[in-house]
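Notes follow the structure.
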Amino acid sequence: MNVTQTAAGTSCWSCNAATGGGHFCAACGKIQPLPRDANYFQFFGLPRKLVIEGSALEAKFHQLSWKLHPDNFVRAAEAERQLSLERSSQLNDAYRVLRDPVACVEYLLGLEGMRKEGAAKQQAPPELLEEVFELNESLDELRGARQSADQVEINTLRPRLQEAQKNFEGKLREVDADLAGAARDWDAAVDRGTNGNASNAERGKLLARMNDILNRRSYIRNLVSSVEQELAE
Amino acid sequence: MAYSDKVVEHYNHPRNVGSLDKKDPSVGTGLVGAPECGDVMKLQVKINPQTQVIEEAKFKTFGCGSAIASSSLATEWVKGKTVEEALSIKNTDIVRELSLPPVKIHCSVLAEDAIKAAINDWKSKQAAGVPAAEPTTAAAKQ
Ligand code: FES
């Protein structure tokens, strides 16, 4: 039997007892395939909340990676070895996302269907686009000046870009603070909601707000790294 | 990332890079961004008000190869078209022409958005420039 293909998360592939979607069967202790709709939060037994305590997450990660590690399955059936490999790699993915606050918000928005490729989206504030574009042009000029070894031009452009860099790093901090605030509000809404779910209208609003912040952030982040790269040369 | 030949061709020889005078009333400017990656694109069109034909198009894109190719292609396509024809260009047309993979769809969306934004900018300039009987909201934006 191909264990990974079963409708997982309902009953144990080995002893048929109800598993509750855990990593191991509560009855017989066999490793289980990941339920089809499983997400990273469930993987760690966490609610869909965004403020995640780092050291507890890390402890849980170490504990799970030890339990799921393929070394424990060298003498197990082929199917179980396969499951251990799969679960271990999923564990690493899940940990990488959950421990990074920005990635975590992005992941949540993806789960909620907010970040589809090519989907209609809101444009960033025009002033921000304007600023980003102009700064990119200055970076271009700096590149050009370098190519033609125009020292005078380089000397005027550099300080201007350094100034802009500081400004944009400040913006990045602001946007990160905004995101942290929205994440706390989301968690509070989840806590208030029935069955651990925020009311739909409130959910929608918070998701849109976070989506908006992430969008602004991507322009700023992108620019900060291009400026950094250019000034480092 | 393996780019298709057409993308590479546009990337190496982008058509119509540059800019037009933003203040010219017959020029429309569209500045748009892709929140997926933070890339930005500016596309400008110069339109003959009598014939509504796009006579000139320029772009400048700070982004990936697909975005550069998409905007380069977009400027080629809109030139000689009427405003209405240009507005009917869909990002899916660009995807098809350049054989863009699914993860690069947003780059083509950027080009479609840029065409629309540029034409809208021109339209609002026109509305503002013609001493209209009733004042338009677009006039207030100028
Ligand atoms: S990856 Fe940003 S526009 Fe293509």
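Read top to bottom, the protein sequences are chains A and B. What the first sequence shows, in my numbering, is residues 1 to 233, in sequence order. What the second sequence shows, in my numbering, is residues 234 to 375, in sequence order. For glycine and all other residues, C-beta sits at the position ideal for the given N, C-alpha and C.
Tell me the rounded alpha-carbon separation between residue i and residue j.
i, j, result
"Leu255 of chain B", "Asn200 of chain A", "It is Lys, not Leu, that sits at residue 255 of chain B in the sequence shown. Their backbone Cα atoms lie some 44 Å apart in a straight line."
"Glu242 of chain B", "Ala300 of chain B", "13 Å"
"Ala232 of chain A", "Leu161 of chain A", "12 Å"
"Ala365 of chain B", "Glu288 of chain B", "Bear in mind that the predicted position of Ala365 of chain B carries a pLDDT of just 41, short of 50, making it unreliable; the figure below should be weighed with that in mind. Their Cα atoms are separated by approximately 25 Å."
"Val74 of chain A", "Trp66 of chain A", "14 Å"
"Ala180 of chain A", "Val132 of chain A", "23 Å"
"Ala7 of chain A", "Glu86 of chain A", "Because Ala7 of chain A sits at a pLDDT of 46, beneath the cut-off of 50, its placement in the model cannot be relied upon, and the following sentence gives the value as read from the coordinates. In a straight line, the C-alpha of Ala7 of chain A is about 16 Å away from that of Glu86 of chain A."
"Ile338 of chain B", "Tyr219 of chain A", "18 Å"
"Ala302 of chain B", "Ala360 of chain B", "32 Å"
"Gly296 of chain B", "Gln147 of chain A", "21 Å"
"Asn2 of chain A", "Ala79 of chain A", "Confidence in Asn2 of chain A is poor, its pLDDT being 41 and thus under 50, which makes the residue's placement unreliable; the coordinate value appears in the next sentence. For Asn2 of chain A and Ala79 of chain A, the distance between alpha carbons rounds to 7 Å."
"Gly266 of chain B", "Leu343 of chain B", "7 Å"
"Cys12 of chain A", "Gly22 of chain A", "10 Å"
"Tyr236 of chain B", "Glu309 of chain B", "20 Å"
"His69 of chain A", "Asn92 of chain A", "11 Å"
"Asp140 of chain A", "Gln151 of chain A", "15 Å"
"Ala59 of chain A", "Leu253 of chain B", "58 Å"
"Phe24 of chain A", "Asp71 of chain A", "16 Å"
"Cys28 of chain A", "Cys15 of chain A", "7 Å"
"Lys166 of chain A", "Pro159 of chain A", "11 Å"
"Arg248 of chain B", "Thr156 of chain A", "31 Å"
Measuring CA to CA, which of the options is closest to residue i?
i, options, result
"Pro101 of chain A", "A:Met210, A:Leu64 and A:Ile220", "A:Met210"
"Leu129 of chain A", "B:Cys340, B:Lys349 and B:Pro268", "B:Pro268"
"Ala232 of chain B", "B:Lys293, B:Tyr236 and B:Ile327", "Given that chain B is displayed from residue 234 to residue 375, the structure contains no residue 232 of chain B and the question cannot be resolved."
"Leu207 of chain A", "A:Ala56, A:Gln63 and A:Met114", "A:Met114"
"Leu320 of chain B", "B:Pro258, B:Pro334 and B:Lys349", "B:Lys349"
"Glu137 of chain A", "A:Gln32, A:Leu223, A:Cys28 and A:Thr19", "A:Leu223"
"Ala103 of chain A", "A:Ala183, A:Asp191 and A:Pro33", "A:Ala183"
"Asp186 of chain B", "B:Glu317, B:Glu345 and B:His246", "Examination of residue 186 of chain B is not possible in this model, given that chain B is present from 234 through 375 alone."
Within this structure, are the beta carbons of residue i and residue j separated by less than 8 Å?
i, j, result
"Thr315 of chain B", "Gln285 of chain B", "yes"
"Ala307 of chain B", "Leu276 of chain B", "yes"
"Leu108 of chain A", "Arg48 of chain A", "yes"
"Ala164 of chain A", "Val227 of chain A", "yes"
"Lys279 of chain B", "Ser304 of chain B", "no"
"Thr10 of chain A", "Ala18 of chain A", "yes"
"Gly261 of chain B", "Lys291 of chain B", "no"
"Arg221 of chain A", "Ala124 of chain A", "no"
"Leu214 of chain A", "Val51 of chain A", "no"
"Leu142 of chain A", "Glu53 of chain A", "no"
Exercise. Near the ligand FES, which residues have their beta-carbon closer than 7 Å to a heavy atom?
Worked result: Listed along the chain, these residues meet the criterion: B:Ala267, B:Glu269, B:Cys270, B:Asp272, B:Gly296, B:Cys297, B:Ser299, B:Ala300, B:Lys337, B:His339, B:Cys340 and B:Leu343.
Problem set entry | Inter-stretch contact (C-beta, 8 Å, three-pair minimum) for the region 81–98 of chain A and the region 28–42 of chain A | yes
Exercise. Counting Cβ pairs closer than 8 Å, one from the region 163–179 of chain A and one from the region 325–339 of chain B, do we hit at least three?
Worked result: no
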